[in-house]
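Have a look at the structure below before the remarks.
So this is what it looks like as structure tokens:
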């Protein structure tokens with residue numbers, strides 16, 4: 021049954037942000053990052069993988085169409101992250 025959340029948001033609940041941040045810190049993933057931190061990049065790539073996107077333009081178009089329909093806490097992060105394309 022739909023809980024009012026997207027499937028993407030529900031899937032992200034299975035990955036604790038703390039564990040992700042621990043891995044990033046261990047391998048210095050955010051070293052010299054200017055605009056796209058590792059967690060935001062992960063969100064964009066996970067969304068692209070789940071929606072079978074094939075190019076950066078395709079990802080940006082798909083995200084733009086989703087963000088206009090139903091805002092969630094991940095939409096703003098993803099749209100801000102992809103603006104540098």
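In this note's numbering, the protein residues as written are 21 to 105.
Quick reminder that beta carbons are idealized off the backbone N, C-alpha and C, glycines included.
If you're wondering where the values come from, they're calculated on a predicted model, not measured in any experiment.
Looking at residue i: is its Cβ nearer than 8 Å to the Cβ of residue j?
i: residue 67; j: residue 51; result: no
i: residue 137; j: residue 44; result: There is no way to answer for residue 137, as the model of the chain reaches only from 21 to 105.
Exposed or buried, residue i, counting other C-beta atoms within 10 Å across all chains shown (16 or more means buried)?
i: residue 34; result: exposed
i: residue 31; result: exposed
i: residue 53; result: exposed
i: residue 105; result: At residue 105, the pLDDT of 43 sits below 50, so the modelled position is not reliable; the number obtained from the coordinates is stated separately. Flag for residue 105 reads exposed.
i: residue 63; result: buried
Using DSSP with H/G/I as helix, E/B as strand and the rest coil, what is residue i?
i: residue 73; result: coil
i: residue 46; result: helix
Just confirm the distance between the C-beta atoms of residue i and residue j, as a whole number of angstroms; I'd bet it's less than 8 Å.
i: residue 28; j: residue 70; result: 6 Å
At what residues does the alpha helix (DSSP H) containing residue i begin and finish?
i: residue 34; result: Looking at the DSSP string, residue 34 is not in any alpha helix (DSSP H), and its letter there is neither H nor E.
Cβ of residue i versus every heavy atom of the ligand NAP: is any distance shorter than 7 Å?
i: residue 25; result: In the structure shown, the ligand NAP is absent, as is every other ligand, since no ligand is present at all.
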